[in-house]
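>
Numbering (our numbering), first residue to last: 13 to 537.
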């Protein structure tokens, strides 16, 4: 059994992969003595501010437009409990348990850096929730992504004061019931703690983590399935030559072209039509490196910005030292909001070109491949209507691509007069990616159907193994059937990453290597 890796909150560098590892239990997060010393020092600084009576936003003042309202020393603790309750105004379907858990993990890491004035007991309780999978229920709607993700973070931390609901042992229960089961007691939050908890971009960033993770899998699948379609429709290898992509050396383009060359190594299908009279292929085949590559470049951009965000302090105010407390705007979600809108567009384009390849496969213009991917048509409709579904999904994605970050509605009586709407950017990006997974599943089915007509010729080792695997799940279609059942199996294959795992296993077994210069950048996150 492999040893579980340890991550030190507030000290180690957090990546998307580590955040996911902390969420699924393959990485254990700890609060080291060094970290707790910084946390306690920051907490004591807040206590001294209260004792001295210096006016500092959110410690002894009201919030937002009430920033000029002074709060007495006696009421500073009540203020922190009240802010969690008054800001818990989320609506809509709760976010996935995994997302809420990632939010907790990201918040622990940010607070553990020692600039937020949080108490050690509060941080330890947050860690308890992660370690015991007692994950707060967080509504999906209500954040404008500016003064932090106020509403969702408020719901996330209601259980600290005995309120709200949690997912625990497979059930949604009240926090009071959780306390009865575990013997926990509500915390008495100190000055600034409530504000430190709800200021920040952890709702947006948690969505960013899943977007980066799921989009990478879509990009990998798109390359593999697109290459299978090239084989099924007897596309040319020349558009993927290294010499071409050295003349326009975008990293994503070069990476995709290299992956396609690797997957097509040793293909009898390619050799069979190498001297054919067709001059060039339609763009959906010929321009795969340029289109998939552009989406991969977008993925790289999100990866870079997200990694900065995961290791940042995004609450307000921040306690620098005994003399300097800064009320600034690190909670503003604009840096991620724009990147997530960009990622949403990148995902949508993968679905768009996939739909075009599906349509191309149905036209019957490739020698040996029948119209609608079935020989006996007329009485059979073949794969015609599957493309209706991809057209609908691609169109839905286009409507979701309007950038949420282009909008801003003032809140807080004008105190927060420009907001990012980054929470909507993140939610929309995930919706688009889920639709793209469905489109790719349908392309997988159509590519495999076209691939079948190339027999007895063989493709490269990897693509042949994929086709063999798929046929254990979905049979070749000679006649019409309920294709929704096939699609569901295809979606399951995509969402489980079965093909990606199969490719990795086959390449390792056959000692094959990806022919791309940018593996490190695109494979690791």
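Just so you know, even glycine gets a beta-carbon here, dropped at the ideal spot from N, CA and C. The structure displayed is predicted, hence computed values, not measured ones.
1. Quick check: what's the CA-CA separation for residue 238 versus residue 473?
2. Could you check whether the region 142-149 touches the region 83-98, counting it as contact only if at least three pairs of C-beta atoms, one from each stretch, sit closer than 8 angstroms?
3. Where do the N-terminal and C-terminal ends of the beta strand (DSSP E) with residue 42 fall, by residue?
4. For the beta strand (DSSP E) containing residue 180, list its first residue and its last residue.
5. Do the region 301-318 and the region 367-382 make contact, defined as three or more Cβ pairs closer than 8 angstroms?
6. Would residue 343 and residue 159 qualify as a contact pair, given that the criterion is a beta-carbon distance under 7 angstroms?
7. Assuming residue 258 is part of the alpha helix (DSSP H), what are its boundary residues?
8. State buried or exposed for residue 468, treating a residue as buried only when at least 16 other CB atoms are found within 10 Å of its CB.
9. At the level of alpha carbons, what is the spacing between residue 433 and residue 529?
10. Excluding the five sequence neighbours on either side, which residues of its own chain have a C-beta within less than 7 angstroms of the C-beta of residue 105, listed in chain order?
11. Given that a residue counts as buried once 16 or more other Cβ atoms are within 10 Å of its Cβ, and exposed if not, what is residue 271?
12. Starting from residue 379, trace the alpha helix (DSSP H) both ways and give me its first and last residue.
13. What span of residues does the alpha helix (DSSP H) with residue 244 cover, start to end?
14. Do residue 298 and residue 251 have their C-beta atoms closer together than 7 angstroms?
15. Let me check understanding here. Comparing Cα to Cα, which of 230, 253, 51 and 136 lies closest to residue 366?
16. Between which two residues does the beta strand (DSSP E) carrying residue 105 extend?
17. Which value, in whole angstroms, describes the spacing of the CA atoms of residue 442 and residue 183?
18. Which one of 102, 438, 482 and 62 has the shortest CA to CA distance from residue 414?
19. Between the alpha carbons of residue 404 and residue 494, how many angstroms are there, rounded?
20. Just the C-alpha distance for residue 417 and residue 283, rounded to the nearest angstrom, thanks.
21. DSSP puts residue 82 in a beta bridge; with which residues?
22. Report the rounded CA-to-CA distance for residue 396 versus residue 219, giving the unit in angstroms.
23. Would you report the Cα separation of residue 13 and residue 19, rounded to the nearest angstrom?
24. Rounded to the nearest angstrom, how far is the Cβ of residue 470 from that of residue 319, given a contact under 8 angstroms?
25. Does the beta-carbon of residue 260 have 16 or more other beta-carbons within 10 angstroms, so that it is buried, or is it exposed?
26. Mind checking which residues open and close the beta strand (DSSP E) that includes residue 151?
27. Reducing DSSP to helix, strand and coil, say where residue 515 ends up.
28. Smallest Cα separation from residue 216: which of 537, 481, 71 and 114?
29. What number of angstroms, rounded off, separates the C-alpha of residue 72 from the C-alpha of residue 81?
30. Which of the three DSSP states is assigned to residue 13 in this structure?
31. Quick check on the burial criterion: 16 or more other C-beta atoms within 10 angstroms. Buried or exposed for residue 67?
32. So what does residue 20 bridge to, in DSSP terms?
33. Short of 8 angstroms in beta carbon distance, which residues of its chain neighbour residue 363, apart from the five on each side in sequence? Order them along the chain.
34. Alpha carbons only, please: which of 491, 189, 28 and 505 is nearest the one belonging to residue 485?
35. So, does the region 127-135 touch the region 329-338, judging by three or more C-beta pairs under 8 angstroms?
36. For residue 160, name the three-state secondary structure that DSSP assigns.
Reading off the structure:
1. By one-based count along the chain shown, residue 238 stands at place 226. By one-based count along the chain shown, residue 473 stands at place 461. Rounded to whole angstroms, residue 238 to residue 473 spans 16 angstroms at the Cα level.
2. Contact fails between the region 142-149 and the region 83-98, because fewer than three Cβ pairs, one in each stretch, are under 8 angstroms apart.
3. As a working mapping, residue 42 is identified with position 30 in the chain shown. Residues 39-42.
4. The residue labelled residue 180 in the question sits at position 168 within the chain shown. Unbroken beta strand (DSSP E) run through residue 180: 177-180.
5. Contact between the region 301-318 and the region 367-382 is absent, because fewer than three Cβ pairs lie under 8 angstroms.
6. Taking the chain shown and counting its residues from 1, the one referred to as residue 343 is at position 331. Taking the chain shown and counting its residues from 1, the one referred to as residue 159 is at position 147. A contact, by the Cβ cut-off of 7 angstroms.
7. Position 246 of the chain shown, counted from the start, is the residue given in the question as residue 258. From DSSP, residue 258 is part of no alpha helix (DSSP H); its letter is neither H nor E.
8. Here residue 468 corresponds to residue number 456 of the chain shown, with the count starting at 1. Exposed, since its Cβ has fewer than 16 Cβ neighbours within 10 Å.
9. By 1-based counting over the chain shown, the position of residue 433 is 421. By 1-based counting over the chain shown, the position of residue 529 is 517. If you take the alpha carbons of residue 433 and residue 529, they lie about 37 angstroms apart.
10. In the chain shown, counting from the first residue as 1, residue 105 sits at position 93. So the qualifying residues of the chain are 152.
11. On the chain shown, position 259 is the one that residue 271 refers to. Counting Cβ neighbours within 10 Å, residue 271 comes out buried, since at least 16 surround it.
12. Translated into the one-based positions of the chain shown, residue 379 becomes position 367. Neither: residue 379 is in no alpha helix (DSSP H) and is coded neither H nor E.
13. As a working note, residue 244 is residue 232 in the chain shown. It spans 214-244 - the alpha helix (DSSP H) in which residue 244 sits, taken as one unbroken run.
14. To locate residue 298, count along the chain shown from 1; it is residue 286. To locate residue 251, count along the chain shown from 1; it is residue 239. Residue 298 is a Cβ neighbour of residue 251, given a cutoff of 7 angstroms.
15. Mapped onto the chain shown, residue 366 falls at position 354. Cα-wise, what sits closest to residue 366 is 230.
16. Position 93 of the chain shown, counted from the start, is the residue given in the question as residue 105. First-last of the beta strand (DSSP E) with residue 105: 103-106.
17. Along the chain shown, read from residue 1 onward, the residue named residue 442 stands at position 430. Along the chain shown, read from residue 1 onward, the residue named residue 183 stands at position 171. When only Cα atoms are considered, residue 442 and residue 183 end up about 25 angstroms apart.
18. As a working mapping, residue 414 is identified with position 402 in the chain shown. 438 is the residue among 102, 438, 482 and 62 whose C-alpha sits nearest the C-alpha of residue 414.
19. Reading the chain shown from its first residue, position 392 is the one you call residue 404. Reading the chain shown from its first residue, position 482 is the one you call residue 494. The alpha-carbon separation between residue 404 and residue 494 amounts to approximately 19 angstroms.
20. Within the chain shown, residue 417 is the residue found at index 405, counting from 1. Within the chain shown, residue 283 is the residue found at index 271, counting from 1. Cα to Cα, the separation comes out at about 49 angstroms.
21. Here residue 82 refers to the residue found at position 70 when the chain shown is read from its first residue. Its beta-bridge partners are 73.
22. For the purposes of this step, residue 396 is taken as the residue at position 384 of the chain shown. For the purposes of this step, residue 219 is taken as the residue at position 207 of the chain shown. Rounded to whole angstroms, residue 396 to residue 219 spans 35 angstroms at the Cα level.
23. Here residue 13 refers to the residue found at position 1 of the chain shown. Here residue 19 refers to the residue found at position 7 of the chain shown. Here the model assigns residue 13 a pLDDT of 42, short of 50, so the residue's position is not dependable and the matter cannot be decided.
24. By 1-based counting over the chain shown, the position of residue 470 is 458. By 1-based counting over the chain shown, the position of residue 319 is 307. Actually they are not in contact, since the Cβ atoms of residue 470 and residue 319 sit about 42 angstroms apart, beyond 8 angstroms.
25. Within the chain shown, the letter at position 248 stands for residue 260. Flag for residue 260 reads exposed.
26. By 1-based counting over the chain shown, the position of residue 151 is 139. Here the beta strand (DSSP E) through residue 151 covers 151-153.
27. Walking along the chain shown from the start, residue 515 turns up at place 503. Residue 515: helix per DSSP, three-state reduction.
28. Reading the chain shown from its first residue, position 204 is the one you call residue 216. The residue with the shortest Cα to Cα distance from residue 216 is 114.
29. Within the chain shown, residue 72 is the residue found at index 60, counting from 1. Within the chain shown, residue 81 is the residue found at index 69, counting from 1. Cα-Cα distance, rounded: 8 angstroms.
30. Numbered from its first residue, the chain shown carries residue 13 at position 1. With a pLDDT of only 42 at residue 13, under 50, the local geometry of the prediction cannot be trusted, and no value is derived from it.
31. Here residue 67 corresponds to residue number 55 of the chain shown, with the count starting at 1. Exposed is the call here.
32. For this step, residue 20 is matched to residue 8 along the chain shown. BP columns for residue 20 point to 42.
33. Along the chain shown, read from residue 1 onward, the residue named residue 363 stands at position 351. Once the five neighbours on either side are set aside, the close Cβ partners of residue 363 are 402, 405, 406, 409, 444, 447, 448, 451 and 452.
34. Working through the chain shown from its first residue, we reach residue 485 at position 473. The residue with the shortest Cα to Cα distance from residue 485 is 505.
35. These segments touch.
36. If you number the chain shown from 1, residue 160 lands on position 148. Of the three classes helix, strand and coil, the one that applies to residue 160 here is strand, per DSSP.
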